[in-house]
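> Below is the structure I would like to discuss, written out as structure tokens.
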Amino acid sequence: MSDTLTNKAASFNDIQTKDIKHHFSPFSNNKELAEHGSRVINKAHGVYIYDDNGNKLLDAMAGLWCVNIGYGRQELVDVATKQMKELPYYNLFFKTTHAPAAKLAEKIASLAPTHMNKVFFTGSGSEANDTIFRMVRRFWDLKGQPTKKQFISRKNAYHGSTVVGASLGGMGYMHEQGDLPIEGISHIDQPYYFKEGGDDTQEAFGIKAAQSLETKILEIGENNIAAFIAEPFQGAGGVIVPPASYWPEIKRILAKYDILLVVDEVISGFGRTGEWFASQYYDLKPDLMPIAKGLSSGYLPIGGVIVGDRVAHTLIEKGGDFNHGFTYSGHPVAAAVALKNIELLESEGVIERVKNDTSPYLQKRWQELAAHPIVGETRGLGMVAGLELVKNKDTKERIAPDAKAGGICRDFSMANGLIMRPCGDTMIISPPLVITKAEIDELVEKAVKTLDETAKYFN
Ligand code: PLP
Numbered sequence: 001m002s003d004t005l006t007n008k009a010a011s012f013n014d015i016q017t018k019d020i021k022h023h024f025s026p027f028s029n030n031k032e033l034a035e036h037g038s039r040v041i042n043k044a045h046g047v048y049i050y051d052d053n054g055n056k057l058l059d060a061m062a063g064l065w066c067v068n069i070g071y072g073r074q075e076l077v078d079v080a081t082k083q084m085k086e087l088p089y090y091n092l093f094f095k096t097t098h099a100p101a102a103k104l105a106e107k108i109a110s111l112a113p114t115h116m117n118k119v120f121f122t123g124s125g126s127e128a129n130d131t132i133f134r135m136v137r138r139f140w141d142l143k144g145q146p147t148k149k150q151f152i153s154r155k156n157a158y159h160g161s162t163v164v165g166a167s168l169g170g171m172g173y174m175h176e177q178g179d180l181p182i183e184g185i186s187h188i189d190q191p192y193y194f195k196e197g198g199d200d201t202q203e204a205f206g207i208k209a210a211q212s213l214e215t216k217i218l219e220i221g222e223n224n225i226a227a228f229i230a231e232p233f234q235g236a237g238g239v240i241v242p243p244a245s246y247w248p249e250i251k252r253i254l255a256k257y258d259i260l261l262v263v264d265e266v267i268s269g270f271g272r273t274g275e276w277f278a279s280q281y282y283d284l285k286p287d288l289m290p291i292a293k294g295l296s297s298g299y300l301p302i303g304g305v306i307v308g309d310r311v312a313h314t315l316i317e318k319g320g321d322f323n324h325g326f327t328y329s330g331h332p333v334a335a336a337v338a339l340k341n342i343e344l345l346e347s348e349g350v351i352e353r354v355k356n357d358t359s360p361y362l363q364k365r366w367q368e369l370a371a372h373p374i375v376g377e378t379r380g381l382g383m384v385a386g387l388e389l390v391k392n393k394d395t396k397e398r399i400a401p402d403a404k405a406g407g408i409c410r411d412f413s414m415a416n417g418l419i420m421r422p423c424g425d426t427m428i429i430s431p432p433l434v435i436t437k438a439e440i441d442e443l444v445e446k447a448v449k450t451l452d453e454t455a456k457y458f459n
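Taken in order, the sequence shown gives residues 1 to 459; the numbers are from the UniProt record's numbering.
See below:
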């Protein structure tokens, strides 16, 4: 492959050399990196990133699903600079606060579903899910139902990389490392119609997948279940969009057994579906929502938990001290940047444009890829989409063993100046929300070329 990821050792530059010697890279094979070197990204603007070989790449993943506002916004730089000068740091522990955290909490509450009015700040999505694990267990203790401690999640879910986050997640390759999941977490089937739908209709499969929740509740005992956690659509699992019948059935089951609903909005929050939150898109009434990523468009690390009134009331009225928090909870510079980011999304009508204009266009153009000989399915909603690489459209037979086609397709995509991400044999995108129709055309054109080259490679 001509991809610059396969640089020869002789061509390593200074940054790559330092990186190889001293940086332990996340979600990477560090041994292979030492042979090939990492791609060095050194600037970004709009929907494009640039590497130090002069390559311009259309970032159809918005970093890690986070740069909703696009790269290079001077307004965010200015706000950060001002906040750095005024108050670069102070914590929120022990009865102190500061304006950026308080104003951001108010803003988030104004956008969230109406029954959600409190925000607990964290530094990331993983920390948000760790926080939820403790809040939920504390909630049921305070309610006098201390046996309600177990969480139900889904296979192939992603909820972060800390011990609790990875345990709540349903990624087998993560569980293999570090003896996860921890106790008290079980995983049910995912609503992945293309892979697991068999002969069922979408509707019947959606109900069946949701009913695996009820089966699990009855198996563990309803008095032992604290909460069900789920992404509204599975992101890192491969942009798995549940059939329309799925969420209504889940809601019915949760209400029947009085189990809390945690909707993980880390990817979906702040506009990705064309609504501020996917809970509004799917008409869900979560008890808790972890957020991060699009909250600051990734410009600075910040996350949080939006807490529904029912849980907040009990924790606050009956809970006394909540013995939990992070040094960087609601960091003033990150909070100021997040607030400005939200104001920009609002004042520039970015989310309305996604809803009414650019996301219908992206989905229409993306669907055209379904006609390609190696595409078994395209799917998506709002500003996320995925496609399945197959050898045979009818039998859904995969192109190569061990999901090798996904990695090859990603490399061709990179060489074509487009960042798509492989999840096994599924190629996914989640572009910045500010992407224009012309840039969507460029994205699709590059995707077609990439698919052609991938097909040729395996022929
Ligand atoms: N939840 C979801 C749905 C995610 O996609 C992610 C990250 O990709 C997380 C949680 C974890 O967020 P972070 O990487 O900020 O810890």
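Even glycine gets a Cβ: it sits at the ideal position worked out from N, Cα and C.
Spell out the partners DSSP gives Asp287 in its beta bridges.
Answer is none; Asp287 lacks a bridge partner.
> Under the three-state reduction of DSSP, which class applies to Glu348: helix, strand or coil?
coil
> Check whether the Cβ of Leu64 lies closer than 7 Å to any heavy atom of ligand 1, and answer yes or no.
yes
> Drop a sphere of 10 angstroms on the beta-carbon of His159, count the other beta-carbons inside from all chains shown, and report buried for 16 or more, exposed for fewer.
buried
> Assuming residue 525 and Val47 make a contact with CB atoms under 8 Å, what is their CB distance in whole Å?
With the chain represented from 1 up to 459, any question about residue 525 goes unanswered, as that position is not in the structure.
> Can you confirm whether the stretch 186-200 touches the stretch 60-67 when touching is taken to mean that 3 or more C-beta pairs between the two stretches lie within less than 8 Å?
no
> Hey, out of Lys143, Val266 and Ile229, whose CA is closest to Ile152's CA?
Ile229
> Leaving out five residues on either side along the sequence, give the residues of the same chain with a beta carbon under 7 Å from the beta carbon of Pro100.
Gln83, Pro332, Ala335, Ala336 and Leu339
> May I have a chain-ordered list of the alpha helix (DSSP H) segments no shorter than 4 residues that lie completely inside the stretch 72-130?
Taking only runs of at least 4 residues, the alpha helix (DSSP H) segments lying wholly in the stretch 72-130 are 74-86 and 99-111.
> If you compare alpha carbons, which of Glu445, Gly424, Tyr299 and Thr358 is closest to Val79?
Tyr299
> Spell out a yes or no on whether the stretch 406-419 and the stretch 259-277 are touching, meaning 3 or more CB-CB pairs, one atom from each, closer than 8 Å.
With the cut-off at 8 Å, the stretch 406-419 and the stretch 259-277 do not touch.
> Where does His187 fall in DSSP's three states?
strand
> Is Val307 buried or exposed, if buried means 16 or more other CB atoms sit within 10 Å of its CB?
buried
> Identify the continuous alpha helix (DSSP H) that holds Val241 and give its terminal residues.
Run containing Val241: none; DSSP gives neither H nor E here.
> Beta-carbon separation of Pro242 and Gly206 under 8 Å?
A Cβ-Cβ contact shorter than 8 Å links Pro242 with Gly206.
> How long is the line joining the alpha carbons of Ala102 and His36, rounded to whole angstroms?
46 Å
> Exposed or buried, which one is Pro422 when buried takes at least 16 other CB atoms within 10 Å?
buried
> Say the cut is 7 Å; is the CB of Val262 nearer than that to a heavy atom of ligand 1?
No, Cβ of Val262 sits at least 7 Å from all heavy atoms of ligand 1.
> Using beta carbons (cut-off 8 Å, strictly below), is Ala334 in contact with chain C?
Any reference to chain C falls outside this structure, which holds one protein chain only.
> Is it buried or exposed, His22, if we count other Cβ atoms within 10 angstroms and call 16 or more buried?
exposed
> Run through the stretch 265-319 for me and flag every whole beta strand (DSSP E) of 3 or more residues, listed as ranges in chain order.
288-291 and 303-308, all fully within the stretch 265-319.
> If the criterion is Cβ atoms closer than 8 Å, does the pair residue 497 and Ile429 meet it?
Because the chain in this structure spans residues 1 to 459, residue 497 falls outside the shown range and cannot be described.
> Per DSSP, residue 472 is paired with what?
Nothing about residue 472 can be read from this structure; the chain reaches only from 1 to 459.
> Alpha carbon to alpha carbon, how far is Leu104 from Gln280? Give it in angstroms, no decimals.
20 Å
> Residues in its own chain within less than 7 Å of Asp14 by CB, not counting five upstream and five downstream?
none
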